[in-house]
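Chemist: Chains as they are written, first to last, in full-length UniProt numbering: chain B, 1 to 137; chain S, 1 to 137.
Cβ coordinates follow ideal geometry from the N, Cα and C atoms, glycine included.
A quick note: this is a predicted structure, and the numbers were derived from the prediction, not measured.
There are 2 protein chains.
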Amino acid sequence: MKLQAIGTIHSPYKTKDEAPSQGKFSAEVSTIEIKPAYKKGLEDVVSLSHILVFYWQDQSDRSVLTAQPPFADRSLGVFATRSPNRPNPIALCTCELVSVQENKLTVKGLDALDSSPLLDIKPYAPQLDTVENSSDK
Amino acid sequence: MKLQAIGTIHSPYKTKDEAPSQGKFSAEVSTIEIKPAYKKGLEDVVSLSHILVFYWQDQSDRSVLTAQPPFADRSLGVFATRSPNRPNPIALCTCELVSVQENKLTVKGLDALDSSPLLDIKPYAPQLDTVENSSDK
Chain B
1 MKLQAIGTIH SPYKTKDEAP SQGKFSAEVS TIEIKPAYKK GLEDVVSLSH ILVFYWQDQS
61 DRSVLTAQPP FADRSLGVFA TRSPNRPNPI ALCTCELVSV QENKLTVKGL DALDSSPLLD
121 IKPYAPQLDT VENSSDK
Chain S
1 MKLQAIGTIH SPYKTKDEAP SQGKFSAEVS TIEIKPAYKK GLEDVVSLSH ILVFYWQDQS
61 DRSVLTAQPP FADRSLGVFA TRSPNRPNPI ALCTCELVSV QENKLTVKGL DALDSSPLLD
121 IKPYAPQLDT VENSSDK
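Right under this line is the structure:
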């Protein structure tokens, strides 16, 4: 299973220390540049207010199976966390789409490091992506 | 960028025709079997009511850049759709976690074809994964 970079993320975060633990809570703006070969796939994206951005966390440690989230007092199994360090470091951020110009998207809410490879964009769909009454027991 | 299958999905859907267009609206149950090497990463997952399941749509056409969703009267750019046919066919389903036994998770709301490779599991987090007032203009 081989991924192809369909674009590159340009962000204000040059190092891991600079990146917010979750982009959703930052007002910073990033730019997503789609490779020309995939530009046709962007048609109609302009009509969306929010998008799911899938990118590759290329600085991750893929060997770890536990991680300690900022809010936790101990390490948890990595699949119970949103840690970037995991076997397949596919990051998911729900972003506000600010504008679309040619093959460039301007977004708010992305926590990607600068130069991260873009994997996919999907429309945010409340009926699919939200759950009523979820809980963490 | 190479993905590794961290497990396999066992589902009632043997063919594309049998799979629902969105698993969220089905009451069918699927089983996710994690490879023993990754079992430690499942610790604490049992405390979650809902999880994000990332799997590989291995029967997808990766060459297409437009798709016609069931509700649309024309083709859209693929990044404005949830079509399985896209350059990097990473599927995302928000699922109800029914139970965890050893290295097997039973879930509701998954639309994966039987034998699909599992890529990742993350906790569903309303503060990250939901947006108030999203729109499709």
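Rounding to the nearest angstrom, what Cα-Cα distance links lysine 39 of chain S and asparagine 103 of chain S in this structure?
Modeler: Stepping through the second sequence from its first residue, residue 39 of chain S is reached at position 39. Stepping through the second sequence from its first residue, residue 103 of chain S is reached at position 103. Lysine 39 of chain S and asparagine 103 of chain S: Cα-Cα distance of roughly 6 Å.
Chemist: Go ahead and pull the three-state DSSP assignment for alanine 72 of chain S.
Modeler: The sequence position of residue 72 of chain S within the second sequence is 72, counting from 1. Note: alanine 72 of chain S maps to coil in three-state DSSP.
Chemist: Going by DSSP, what residue range makes up the beta strand (DSSP E) through proline 117 of chain S?
Modeler: Indexing the second sequence from 1 puts residue 117 of chain S at position 117. DSSP places proline 117 of chain S in the uninterrupted beta strand (DSSP E) bounded by 117 to 123.
Chemist: Going along the region 11 to 37 of chain B in order, which residues come within less than 7 Å of chain S, judged by CB to CB distance?
Modeler: Gln22 and Lys24
Chemist: Where does aspartate 111 of chain B fall in DSSP's three states?
Modeler: As a first step, residue 111 of chain B is located in the first sequence; it is residue number 111 there, counting from the start. In this structure, aspartate 111 of chain B counts as coil in the three-state DSSP scheme.
Chemist: Return no unless some Cβ of chain A is closer than 8 Å to the Cβ of proline 87 of chain B.
Modeler: Looking at the structure shown, chain A is missing, and the protein chains on hand are B and S.
Chemist: What residues match up with serine 99 of chain S in a beta bridge as DSSP calls it?
Modeler: Sequence index remark: in the second sequence, residue 99 of chain S carries index 99 (1-based). Serine 99 of chain S pairs with S:Thr106.
Chemist: For alanine 67 of chain B, which residues of its own chain have a beta-carbon under 7 Å away from its beta-carbon, when the five flanking residues on both sides are left out?
Modeler: Taking the first residue of the first sequence as 1, we reach residue 67 of chain B at position 67. Ser75, Leu76, Val78, Thr81, Ser83 and Asn85, listed in sequence order.
Chemist: Are the Cβ atoms of leucine 110 of chain S and serine 30 of chain S separated by less than 8 Å?
Modeler: Here the question's residue 110 of chain S lines up with position 110 in the second sequence. Here the question's residue 30 of chain S lines up with position 30 in the second sequence. A Cβ-Cβ contact shorter than 8 Å links leucine 110 of chain S with serine 30 of chain S.
Chemist: My assumption, with CB atoms under 8 Å, is that serine 134 of chain B sits in contact with proline 126 of chain S. Please give the rounded CB distance.
Modeler: Residue numbering aside, residue 134 of chain B sits at position 134 when the first sequence is read from its first letter. Residue numbering aside, residue 126 of chain S sits at position 126 when the second sequence is read from its first letter. Contact holds; Cβ gap of about 6 Å.
Chemist: What residue from B:Tyr124, B:Thr15 and B:Ser116 has the CA that sits closest to aspartate 58 of chain B's CA?
Modeler: Taking the first sequence and counting its residues from 1, one reaches residue 58 of chain B at position 58. Among B:Tyr124, B:Thr15 and B:Ser116, the Cα nearest to that of aspartate 58 of chain B belongs to B:Ser116.
Chemist: What do you get for threonine 130 of chain B, buried or exposed, if any count of 16 or more other CB atoms within 10 angstroms of its CB means buried?
Modeler: Indexing the first sequence from 1 puts residue 130 of chain B at position 130. So threonine 130 of chain B ends up on the buried side.
Chemist: Locate the alpha helix (DSSP H) running through leucine 128 of chain B, then write down its first and last residues.
Modeler: To locate residue 128 of chain B, count along the first sequence from 1; it is residue 128. That run of the alpha helix (DSSP H) goes 126 to 129.
Chemist: What are the residues that DSSP puts in a beta bridge with glutamate 33 of chain B?
Modeler: Mapped onto the first sequence, residue 33 of chain B falls at position 33. DSSP lists B:Thr8 and B:Lys104 as partners of glutamate 33 of chain B.
Chemist: Which residue from B:Asp114, B:Leu119, B:Asp120 and B:Lys108 puts its Cα closest to that of serine 49 of chain B?
Modeler: Translated into positions along the first sequence, residue 49 of chain B becomes position 49. Ranking B:Asp114, B:Leu119, B:Asp120 and B:Lys108 by Cα distance to serine 49 of chain B puts B:Lys108 first.
Chemist: Below 8 Å on C-beta distance, what does lysine 122 of chain S contact in chain B?
Modeler: Along the second sequence, read from residue 1 onward, the residue named residue 122 of chain S stands at position 122. Simply Phe79, Thr81, Arg82 and Leu92.
Chemist: Under a Cβ-count criterion, where at least 16 other Cβ atoms within 10 Å of its own Cβ denotes burial, should serine 63 of chain S be classed as buried or exposed?
Modeler: Within the second sequence, residue 63 of chain S is the residue found at index 63, counting from 1. That one is exposed.
Chemist: Is DSSP giving alanine 80 of chain S helix, strand or coil here?
Modeler: Within the second sequence, residue 80 of chain S is the residue found at index 80, counting from 1. Looking at alanine 80 of chain S - three-state DSSP - the assignment turns out to be helix.
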